[in-house]
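For the sequence shown, the positions run 2 to 100 when our numbering is used. Ideal placement from N, C-alpha and C gives every residue a C-beta, glycine not left out. Beneath this line is the structure, given in structure tokens, with notes to follow.
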Amino acid sequence: MVPTEILLSKDKKALTVHWADQQSANLPAPFLRENCQSAGSKRARLEHREAAPSTALVINEIHPIGSYAINLVFSDGHDRGIYPWPYLRELSEKYALGN
């Protein structure tokens, strides 16, 4: 499923994703950062080196990746995560269920 609209909140602390099936999700920046699937983030989690993201974390930039994903740049300098539409939908559902 492809999002119909992706909006960054004015304070840059959350991403709102609207889906074609009329579902929407408001995903906080720390939640998105914590669930980043970049190789470095996965390795840090496996090695138990990754600290929980700060609640002050914001999304500085959003970059489209072709027609299949977005890349998010966070205020902690992390800019390696790619969020394909199916994974972003999975995160939307996960967050709705209480993380």
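Out of PRO31, CYS37 and PHE75, the CA that lies nearest to the CA of GLY82 is found in CYS37. Relative to the Cα of GLU62, the nearest Cα in the group LEU73, SER39 and TYR69 belongs to LEU73. Proximity to LYS11 across PRO85, PRO29 and HIS79 peaks at PRO29, based on C-alpha coordinates. PHE75 is positioned such that its CB atom lies closer than 7 Å to that of LEU58. With respect to TRP86, VAL3 sits close: the two C-beta atoms are nearer than 7 Å.
Taking all protein chains in view, the Cβ of TYR69 is surrounded by fewer than 16 other Cβ atoms within 10 Å, so the residue is classified as exposed.
As DSSP reads the structure, SER25 sits in a beta bridge with HIS19.
In the three-state reduction of the DSSP assignment, ALA57 falls in the coil class.
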